[in-house]
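Chemist:
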Amino acid sequence: MRGARSGPGAERRPAGAHPAQWVLIAPEAALDPPKKPDSEPLFTKLRNPSTGEATLYLFNSGAQQLFEVKAFHEECRSWFIGQTVQQDGRLLFVTPMDPLFLILYYLIKADKEQQGKFQPLDQVVLDSEYPSCPLLLKCADVKQYIQHVTEEKEIGSQKFHKYSQEKTLKWLKKKVNQTVKALKSNNISVGERVLASTLINSKQITDAQEDYVRYAHGLISEYIPEDLSKELLKYLGLPELRSPEPEPPLKKRKLSDVPVEPQEDYTKFNSDNLKTKKANTKMSAAQKALAKVDKSGMKSISAFFSSKPKTSK
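Okay, so the sequence shown: first residue is 1 according to the UniProt record's numbering, each after it adds one.
#1: Counting only beta-carbon atoms, is ASP98 nearer than 9 Å to chain B?
#2: Three or more C-beta pairs under 8 Å: does that hold for the stretch 220-240 against the stretch 41-50?
#3: Could you work out which residue in TRP79, LYS234, THR95 and THR44 is closest to GLU129 when comparing CA atoms only?
#4: Let's see if you can read the secondary structure: which residues bound the alpha helix (DSSP H) around LEU100?
#5: Quick one: residues in its chain with C-beta nearer than 7 Å to the C-beta of GLN158, no 5 flanking neighbours on either side, listed in chain order?
#6: Sort GLU152, ILE220 and TYR145 by Cα distance to VAL180 and report the nearest one.
#7: Would you decide whether LYS35 is buried or exposed? Buried here means 16 or more other CB atoms lie within 10 Å of its CB.
#8: Tell me the rounded alpha-carbon separation between GLN114 and LYS175.
#9: Please identify the residue among PRO134, GLY156 and LEU236 whose C-alpha is closest to the C-alpha of GLY62.
#10: Please report how far the alpha carbon of LYS143 lies from the alpha carbon of CYS76, in whole angstroms.
#11: Relative to the alpha-carbon of PHE160, which residue among ARG214, GLU166 and GLU152 has its alpha-carbon at the smallest distance?
#12: Measure the CB-CB distance between TYR235 and LEU169 and report whether it falls below 9 Å.
#13: Taking DSSP as the reference, what is the three-state secondary structure of VAL94?
#14: On the DSSP bridge assignment, give the partners of LEU58 in chain order.
#15: With DSSP collapsed to three states, give me the class of TYR163.
#16: Indicate the three-state DSSP secondary structure (helix, strand or coil) for LYS153 in the structure shown.
#17: Classify HIS73 as buried or exposed, calling it buried when 16 or more other Cβ atoms lie within 10 Å of its own Cβ.
#18: Could you give the distance in angstroms between the alpha-carbon of LEU42 and the alpha-carbon of PHE59?
#19: How would you call ASP211, buried or exposed, if buried means at least 16 neighbouring beta carbons within 10 angstroms?
#20: Kindly identify the DSSP beta-bridge partner or partners of TRP79.
#21: Within 10 angstroms of the Cβ of GLU154, are there 16 or more other Cβ atoms? Answer buried if so, exposed if not.
#22: Let me check one thing: in DSSP terms, what residues is residue 392 bridge-paired to?
Written out as C-alpha cells, the structure is:
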C-alpha cells in the first residue's frame, strides 16, 4: 500500500516505506515489456481496486511481488539516451503493493454476482480485458493471507473461497493501525491535511489520534471501493465529516403587478405644516407689492382663455 505524498508533485508511496525501496524506471522501459512474464519483470495494466479503471503495475521476476507504478511528470524535461534525446522525461516510481487489494476487487464482484457461493480462486480472479490478472495469485504469501478476507472451505485437495466483509474490515483495520504507526514514527503531521481535505477551518491545528486514524483511512480508501470505505469508517468509529453548508443567499423581493397599498397616512405631511412652511418662505419685493394691491373686481387671467357660454336664441 502507499502512504503520504513526499513533496510537491511527488507520487504517493507506502506508509513507512524506506526511500531505498523506490525504483526509478525510464518511461520507455514500460513500453516494451519482456516476453517471458514468468521469469522476467513485467509491466502490465490491471484494474485499479478502487475505481476499476486500467492502472499500470509491475510484477518482479517470477511474479512473486507486485509493484504499483506512478509517474512523476514535469514540463521541459527530457532524457539523453546514447546519442538520442527521449522527449518523454517522466520518472516512474515503483513501490511495493499488497496484491490482496486487487484480489479483493474480484472477490467482492464475484460475491455479488454469485450470491455468496464458494468458488476456486482461479475462477474468481479472471478478467478477459486484463490477461495478466491471474498472476496476482502467484505472488508470495497470497494463498496464506487470503484467509484474512475470505471464508474458506476445503473439499478433497481443492479449496473454495467466498468474500467475507467481517474479516475484511478486521484486516483493513490492521492496515490502518500500521499506517498510523508509520506516520507517527516518521514524524508526519496530519492535522493540517485532515482539515484541508474536509474544508474545515480551525484556529488551532493539532495531531490528535483521531486525525491520524482518519488520515490513514483516507490512504487505505484509495485501494478499496467507495462502499467498503464507508463501512470501514463506521467500523473504526469515526463520524463522517461534512463540509459546512454555505449560508443561503438573501431572498429577493418578488415584483408584482398588483399596486401596493401604503401602510401609513402620508397626507398628514401636506396639511398645516406644509402651509406654514410655505408662509415662512421669503417673498421678493415685487411679490410683496402685488400682495398689497386691491384685487376686488378683477378677473383672473384664466378667465380670458375659457370658452364663452352660448346664448339662447
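Every residue, glycine too, gets a C-beta built ideally from N, C-alpha and C.
Modeler: In short, the structure shows the following:
#1: The structure shown contains no chain B, having only a single protein chain.
#2: Pairwise C-beta distances place the stretch 220-240 in contact with the stretch 41-50, as three or more of them are shorter than 8 Å.
#3: The shortest C-alpha separation from GLU129 is found at THR44.
#4: Counting along the chain, the unbroken alpha helix (DSSP H) around LEU100 starts and ends at 100-113.
#5: Closer than 7 Å at Cβ, skipping near neighbours: PRO120.
#6: The shortest C-alpha separation from VAL180 is found at ILE220.
#7: Unreliable placement is indicated for LYS35, whose pLDDT of 48 sits below 50; the coordinate value is still reported in the next sentence. Exposed: under 16 other Cβ atoms inside 10 Å.
#8: About 28 Å.
#9: The option with the nearest alpha carbon to GLY62 is PRO134.
#10: Distance between the alpha carbons of LYS143 and CYS76: 46 Å.
#11: Selected option, being the one with the closest Cα: GLU152.
#12: Contact flag set, yes.
#13: Correct three-state label for VAL94: strand.
#14: According to DSSP, residue pairing for LEU58 in a beta bridge involves PHE43 and PHE67.
#15: Strand, per DSSP.
#16: Three-state result, LYS153: strand.
#17: Using a 10 angstroms sphere on the CB of HIS73, the tally of other CB atoms stays under 16, which defines it as exposed.
#18: So the two alpha carbons sit approximately 5 Å from each other.
#19: With 16 or more Cβ atoms within 10 Å of its Cβ, ASP211 is classed as buried.
#20: Per DSSP, GLN86.
#21: Under the 10 Å beta carbon count, GLU154 is surrounded by fewer than 16 other beta carbons and is classified as exposed.
#22: Summary: the structure shown does not reach residue 392, with the chain confined to residues 1 through 313, and so no result is reported for it.
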